[in-house]
Amino acid sequence: MSENNKTALGFCLTSSFWMVVATLAGLLAATKLVAPDLMGSISWLTFGRLRPIHINLVLFGFVTPGLLSAAFYYFPRLLKTDLFSEKLGVITIVLWNIFLVFATVTLGLGQTQGREYAEMIWPVDIMVAVLFIMVFVNLTMTVANRKESLLYVSIWYVCAGIVLTAVTYALGNVIWQPDTGALKGIPDAILLWFYGHNVFGLLLTPLSLGVAYYVIPRSCKTPLYSHTLSLLGFWSLLVVYTHIGTHHLLQVPVPTWLKVISIVDSMGMVIPVMIFLINIWYTAKGKFAEIHGDIGTKFIFVGTIMYFFVSIQGSMMALPQVQRITHFNNWVVGHAHIGVLGFAGMMALGGMYYVVPHITGRPLFSRLLADLQYWLILIGVIGFTVVLTIAGLIQGNGWLNGETVYRILAEIHVYNVIRASLGVMIFFGAVIGLYNILRSIFVRSGGVQ
Amino acid sequence: MTPRIVVIGSLLILAAVVLVVVALPFYTVSDAPSEIYRQRTDEELAGKQIYIANGCVYCHSQSIRTIDWGLGAERIAQSGDYIDDHPILLGSARTGPDLSQEGGEHPDDWHMAHFKNPRTTRPNSIMPPFLFLGEENIKKLTAYVQSLGMIMADKRIARQRKWKELSTAAFEAGPEVNVKWLHSHVPEPWQKIANPYPTTPGALARGHKIYQDFCMGCHGPVGDGMGPAQPDLYPPPLNFTILKDRGISGGILYYQIMNGITGTAMPYFKKELESEKIWEVGDYVAVYFINESDAGQGGGIDAAFEN
Numbered sequence: 001m002s003e004n005n006k007t008a009l010g011f012c013l014t015s016s017f018w019m020v021v022a023t024l025a026g027l028l029a030a031t032k033l034v035a036p037d038l039m040g041s042i043s044w045l046t047f048g049r050l051r052p053i054h055i056n057l058v059l060f061g062f063v064t065p066g067l068l069s070a071a072f073y074y075f076p077r078l079l080k081t082d083l084f085s086e087k088l089g090v091i092t093i094v095l096w097n098i099f100l101v102f103a104t105v106t107l108g109l110g111q112t113q114g115r116e117y118a119e120m121i122w123p124v125d126i127m128v129a130v131l132f133i134m135v136f137v138n139l140t141m142t143v144a145n146r147k148e149s150l151l152y153v154s155i156w157y158v159c160a161g162i163v164l165t166a167v168t169y170a171l172g173n174v175i176w177q178p179d180t181g182a183l184k185g186i187p188d189a190i191l192l193w194f195y196g197h198n199v200f201g202l203l204l205t206p207l208s209l210g211v212a213y214y215v216i217p218r219s220c221k222t223p224l225y226s227h228t229l230s231l232l233g234f235w236s237l238l239v240v241y242t243h244i245g246t247h248h249l250l251q252v253p254v255p256t257w258l259k260v261i262s263i264v265d266s267m268g269m270v271i272p273v274m275i276f277l278i279n280i281w282y283t284a285k286g287k288f289a290e291i292h293g294d295i296g297t298k299f300i301f302v303g304t305i306m307y308f309f310v311s312i313q314g315s316m317m318a319l320p321q322v323q324r325i326t327h328f329n330n331w332v333v334g335h336a337h338i339g340v341l342g343f344a345g346m347m348a349l350g351g352m353y354y355v356v357p358h359i360t361g362r363p364l365f366s367r368l369l370a371d372l373q374y375w376l377i378l379i380g381v382i383g384f385t386v387v388l389t390i391a392g393l394i395q396g397n398g399w400l401n402g403e404t405v406y407r408i409l410a411e412i413h414v415y416n417v418i419r420a421s422l423g424v425m426i427f428f429g430a431v432i433g434l435y436n437i438l439r440s441i442f443v444r445s446g447g448v449q
Numbered sequence: 450m451t452p453r454i455v456v457i458g459s460l461l462i463l464a465a466v467v468l469v470v471v472a473l474p475f476y477t478v479s480d481a482p483s484e485i486y487r488q489r490t491d492e493e494l495a496g497k498q499i500y501i502a503n504g505c506v507y508c509h510s511q512s513i514r515t516i517d518w519g520l521g522a523e524r525i526a527q528s529g530d531y532i533d534d535h536p537i538l539l540g541s542a543r544t545g546p547d548l549s550q551e552g553g554e555h556p557d558d559w560h561m562a563h564f565k566n567p568r569t570t571r572p573n574s575i576m577p578p579f580l581f582l583g584e585e586n587i588k589k590l591t592a593y594v595q596s597l598g599m600i601m602a603d604k605r606i607a608r609q610r611k612w613k614e615l616s617t618a619a620f621e622a623g624p625e626v627n628v629k630w631l632h633s634h635v636p637e638p639w640q641k642i643a644n645p646y647p648t649t650p651g652a653l654a655r656g657h658k659i660y661q662d663f664c665m666g667c668h669g670p671v672g673d674g675m676g677p678a679q680p681d682l683y684p685p686p687l688n689f690t691i692l693k694d695r696g697i698s699g700g701i702l703y704y705q706i707m708n709g710i711t712g713t714a715m716p717y718f719k720k721e722l723e724s725e726k727i728w729e730v731g732d733y734v735a736v737y738f739i740n741e742s743d744a745g746q747g748g749g750i751d752a753a754f755e756n
């Protein structure tokens, strides 16, 4: 193993391992929706505890470390220097894994602050903030030591993403109120969704775009289509994305002007999204053979397509008339999965599959297994979205028609069954991925190409 | 761009946005209580912690919208309802019903049975069983859930208590008195109405399905009141067989199913079952469990659906 890339490989292993745990938690939760008595009455296996474990591990265990793995690989290369400190990087990874164990155990024990995406208790919050600062120091110091004067767009996205997440995480988790981690009443909801949406807007999205901006031109062996567009895309993303959290609260008594801002900016999200996609897709124009040839690039290219769908869908969902039907039901769950697994998760997997062969200097252990994982996850996440969208439409229209939640429950049962089956595919995809990554990094022989 | 521009520029943008979309509402949203607001008791607050710890918020919203028809839709949420919620528990999904006005919808014993295993009272529910919490914690959780709706809930709770006393006394006085008491609270015109739909195999099959989905958990598969929820409920679920030869009618069954019997675990089903479904489940009970049905004997112009 190369001494120089310990941090990138460490994050890669972290991500692959926690993807298995996170998808298992999700699968168990989905199973509980089909057969609520299957696992009896066990506290830490109850749906309300599995769900935050699933979500927090996906966000902070699978996707973020996966995307950071690629970042720790391309920072030194784009800046033509060594990483500031591999030692700091390794310490970060060890602490990061301790944090994930801590988060899983505390959430399993019911130690939660009860705010969606901000559940983790204060000591865990502090660990997250410290970890983001450690990553920020390592990466910005690498930038400071650079031998390349021009900063590429991927660097901007990651630097901004990490520093802004450190700040919004502390703010959104009300870190100055250790006991509750919350404000009171309606302002708490406003702050929570400001933060909750920024987990995607200021963490997963910038880190994902950073990976795509690095890998796509590399694999296609072409220069980026337009550096002006990347500049526009970067600043418009930061300005627009941060405004839209309140679109989760359109049916709640929050000030109307704030709702208007969130709706207008949700529509405005088309600008940064399309700027990025135009830039990447024009770069990749006519290069499908190259994209198809590298499994990492393939994951990432699919991630860009998912980004298109999830963003356009998200803008549409911010329209009050649409939300009359989509709010409070499985439609939103489908949207979340196409965003976090379809877009950011695919980007993370793609980044790792791109990075690992470059670091080890030999091909992946098995392209076949990687392709299998690709299809399992692709079919899984698209199936998920279709099934949950149908279930959501049944729920939303039924409720609007005056039918009760209990009556509609029986109508969506079959979709819950299909959803759990697709969850099995995604879980096996994660297991295969972990095996493939482990073999690629640690074992030299015996690959199936 | 230099690193300084990236980092300081993005922090400046964030600061400006936080000022507008977080700080401004924080300082301008009124924290005046609404007319239904009251403080929660210590027991209710302890129950709230259990509600939070077990992730109830992931399936139950506390946020009634102008477009809602379901549970609690009598009152649209106002910001003054939430001033003491720390954190606010609006929720983002309704896998289960909204709970903004759940307090007093059911008596405490219904909640005890329901929390231990929700399928005892609601056979199609997919809520997890909370037996692991233990009796003490379920009591606290029940106290919290019964406080949802605050002053509006308190009124319903008072109503539940009053009728629990009366219905318990009637039950303890024996079947004869109990049946008479139950019938006497059905308005007289309803008592005299026969079930307008004649008994048919199709209607019985539909009634059977509705019985399984809504009634069986308490009244049991054979209508003797020995369903799985029975051990937790007092007065216990009605044994239908005691209704025979005591003046039962289709109208009485319909009225009791539609409105429920406040104070007992018998909920109202007017939101969940449309007219035909109530008649048919009533006739299913009348035919199979009471063995005394007046279905189709109401007279009037022959209906088009009759054979």
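As given, the protein sequences belong to chains A and B, one line each in that order.
Last residue of the first sequence: 449 (this note's numbering), numbering continuous.
Last residue of the second sequence: 756 (this note's numbering), numbering continuous.
Glycine included, each C-beta is placed from N, C-alpha and C at the ideal position.
CB contact check: residue i to chain A, cutoff 8 Å
{"i": "L583 (chain B)", "result": "It should be noted that the sequence gives Gly, not Leu, for residue 583 (chain B). By this cut-off, G583 (chain B) is not an interface position."}
{"i": "L538 (chain B)", "result": "yes"}
{"i": "I587 (chain B)", "result": "no"}
{"i": "Q527 (chain B)", "result": "yes"}
{"i": "H535 (chain B)", "result": "yes"}
{"i": "P685 (chain B)", "result": "no"}
{"i": "I706 (chain B)", "result": "no"}
{"i": "V466 (chain B)", "result": "yes"}
{"i": "W518 (chain B)", "result": "yes"}
{"i": "C505 (chain B)", "result": "yes"}
Proximity to residue i [Cα-Cα], best of the options
{"i": "T23 (chain A)", "options": "A:L400, A:I437, A:S421", "result": "A:S421"}
{"i": "F200 (chain A)", "options": "A:F427, A:E403, A:V322, A:A344", "result": "A:A344"}
{"i": "N740 (chain B)", "options": "B:I727, B:C667, B:T690", "result": "B:T690"}
{"i": "C220 (chain A)", "options": "A:K287, A:N4, A:I390, A:T31", "result": "A:K287"}
{"i": "V466 (chain B)", "options": "A:I300, A:E116, A:S262", "result": "A:S262"}
{"i": "S366 (chain A)", "options": "A:Y282, A:Q321, A:T142, A:G296", "result": "A:G296"}
{"i": "V628 (chain B)", "options": "B:D694, B:I606, B:E551", "result": "B:D694"}
{"i": "C505 (chain B)", "options": "B:P647, B:L615, B:R543", "result": "B:R543"}
{"i": "L368 (chain A)", "options": "A:L131, A:I305, A:G293", "result": "A:G293"}
{"i": "V381 (chain A)", "options": "A:R419, A:A391, A:V167, A:G350", "result": "A:R419"}
First through last residue of the alpha helix (DSSP H) which encompasses residue i
{"i": "S494 (chain B)", "result": "Sequence check: residue 494 (chain B) is Leu here, not Ser. 491-502 is the extent of the alpha helix (DSSP H) around L494 (chain B)."}
{"i": "K147 (chain A)", "result": "That residue, K147 (chain A), is in no alpha helix (DSSP H); it is neither H nor E in DSSP."}
{"i": "M316 (chain A)", "result": "295-317"}
{"i": "F475 (chain B)", "result": "473-477"}
{"i": "L100 (chain A)", "result": "86-108"}
{"i": "G161 (chain A)", "result": "153-172"}
{"i": "V730 (chain B)", "result": "724-733"}
Status (buried if at least 16 other CB within 10 Å, exposed otherwise) for residue i
{"i": "A144 (chain A)", "result": "exposed"}
{"i": "Q705 (chain B)", "result": "buried"}
{"i": "K497 (chain B)", "result": "buried"}
{"i": "F754 (chain B)", "result": "exposed"}
{"i": "D371 (chain A)", "result": "exposed"}
{"i": "W156 (chain A)", "result": "buried"}
{"i": "T477 (chain B)", "result": "exposed"}
{"i": "I186 (chain A)", "result": "buried"}
Contact with chain B by residue i, beta-carbon distance below 8 Å
{"i": "R495 (chain A)", "result": "Coverage of chain A is limited to positions 1 through 449, which leaves residue 495 (chain A) absent and any answer about it impossible."}
{"i": "D125 (chain A)", "result": "no"}
{"i": "S2 (chain A)", "result": "Per-residue confidence for S2 (chain A) stands at a pLDDT of 45, beneath the threshold of 50, marking its modelled position as unreliable; the derived number appears in the next sentence. Chain B contact via Cβ: absent."}
{"i": "P255 (chain A)", "result": "yes"}
{"i": "H248 (chain A)", "result": "yes"}
{"i": "E148 (chain A)", "result": "no"}
{"i": "C159 (chain A)", "result": "yes"}
{"i": "T404 (chain A)", "result": "yes"}
Close beta carbons around residue i, own chain, < 7 Å, minus the five adjacent residues each side
{"i": "S2 (chain A)", "result": "In this predicted model, S2 (chain A) has a pLDDT of only 45, less than 50, meaning its place in the structure is not dependable; the value taken from the coordinates is given anyway. These residues qualify, in order along the chain: I359."}
{"i": "T31 (chain A)", "result": "L38, A420"}
8 Å CB neighbourhood of residue i in its chain, flanking five on each side removed
{"i": "V135 (chain A)", "result": "L68, T92, I162"}
{"i": "G749 (chain B)", "result": "P645"}
{"i": "G181 (chain A)", "result": "Q113, R115, A118, I121, W122, D125, N173, V174, I175"}
Close-in-space but distant-in-sequence residues of the same chain around residue i (CB under 6 Å, 5 per side omitted)
{"i": "M383 (chain A)", "result": "In the sequence on display, residue 383 (chain A) carries Gly and not Met. So the qualifying residues of the chain are L422."}
{"i": "I532 (chain B)", "result": "D480, P482"}
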